[in-house]
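In this text, residue positions in the sequence shown follow our numbering: the first is 634, and each later residue adds one.
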Amino acid sequence: MKLNPIFSDHAVFAANKRISIFGSGRGRATVRLGDFSIDIRSDADTWCIELPKMDYGGPYTLRFSSDEEKKELCDIYIGEVLLFSGQSNMSCTLTDTNTPKEYYSESLPLLRYTKIADAGVTVPWCTADEADVKRWSALGYIAGKECLIKKGVAIGIICCAQGASVIESWMPEGTLERIGIHLSLEEKFLDHYHEEYGKWNSDAFLYDQRLSLVIPYTLSGVVWYQGESDASPAEGALYLRELEALIRVWRHSFKNPELPFVIVQLADTKSRIELGEGWHLIQRAQEKISSLVPGVYTVISRDISETDDIHPPSKHALGCRIAETILENII
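Below, the structure written as structure tokens:
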């Protein structure tokens, strides 16, 4: 039996929720965290146990022992865990923005980050006082820092995003077919069949190759910023239903039917005129979803982002707005 690679030194576990610990392999193992110890027996290829709820605090040591693997993970904190997912505006790093270096140069040991890399590899958790934070997701860092300042507890950011990705790639295979959505390739935005982007835009590819490495980590909430690659008129008309489906299946996957979602609305851009009605339809769907699905909150970005770039370099105001939404509604 082995522990999932997302568990490493400096990890953050969500406070006041049962903590999912999971991995692969068959056999017997023991998990210890703080005062809690659980013996496990696995008769399948994967396993998952839940530790009791814990209050904010740390540092703790997570100990895992099986016939195959022994690990002692240090500097574990109980705080808030936020999954940041979507497209390139979410994966965009601090160095790709105009955020002043002074803003992200201070030591913040309770701000922690992990990333599911392009090859489906989990990057170990790191802290903002020892990591090269300029390579962190800009929105993840900014929102996380503002939450840390206001909340005063450990904030863990998980970045699982892919530029030029379509929404159906982030859902289990057959999800859209089961709700009656069928579009021909000709009706879809070009990113679906682009020579480079098409590699990760088949149904369920990113769900299987990336998100599955995080599931079922206990989360405080999800921040979703996506839609640029689904901007054909036909897709835009269906995006609200697709977004509802994604929220539903992710809540099921993460074993939390009330898992909060923050939806970041696409920014206005001059190229939207060239893209046509699809972009506007997606913006409307992102604004409407929060009135249809409980526990979903929309962050408006069109009034604070540059309009001459599909990747607005000003991320600070948007990151702060995301943090405000999280603080008011989730943590």
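The beta-carbon is built from N, C-alpha and C at its ideal position, and this holds for glycine as well.
| Check | Outcome |
| --- | --- |
| Identified DSSP bridge partners for Val895 | Val856 and Tyr930 |
| Burial state of Ala878 (16 or more Cβ within 10 Å) | buried |
| Residues near Gln916 in its chain [Cβ-Cβ closer than 6 Å; skip 5 each side] | Gln898 and Leu899 |
| Through-space distance from Asp942 to Ser721, alpha-carbon basis | 13 Å |
| CA nearest to the CA of Glu861, picked from Trp883, Arg696, Trp912 and His885 | Trp912 |
| Cross-strand partners of Ser698 (DSSP beta bridge) | Thr663 and Lys703 |
| Three-state secondary structure (DSSP) of Lys784 | helix |
| Three-state class that DSSP yields for Phe838 in the structure shown | helix |
| 9 Å Cβ cutoff met for His643 and Arg745 | yes |
| Cβ contact check for the segment 664–683 and the segment 747–755: 3 or more pairs under 8 Å | no |
| Span separating the alpha-carbon of Ile848 from that of Lys921 | 27 Å |
| With 16 other Cβ atoms within 10 Å as the buried cut-off, status of Ser699 | buried |
| Helix, strand or coil at Gly952 [DSSP, three-state] | helix |
| Exposure label - Glu810; buried when at least 16 CB within 10 Å | exposed |
| Beta-carbon gap between Ala771 and Gly719 smaller than 9 Å | no |
| Ile848 (DSSP reduced to helix, strand or coil) | coil |
| Nearest residue (CA-CA) to Ile791, options Glu910, Val754 and Val714 | Val714 |
| Three-state secondary structure assigned by DSSP to Arg745 | strand |
| Whole-angstrom distance between Glu739 and Glu891, CA atom to CA atom | 35 Å |
| Simplified DSSP assignment, three categories, for Glu713 | strand |
| Exposure label - Glu868; buried when at least 16 CB within 10 Å | buried |
| Every unbroken beta strand (DSSP E) inside the segment 753–810 [3 residues or more] | 755–760 and 788–794 |
| Spatial distance of Gly653 from Asp708 (CA atoms) | According to the sequence provided, residue 653 is Ser. The question's Gly does not apply to it. Computed Cα separation, rounded: 18 Å. |
| Cβ-based burial, Ile782 [other Cβ within 10 Å; buried from 16] | exposed |
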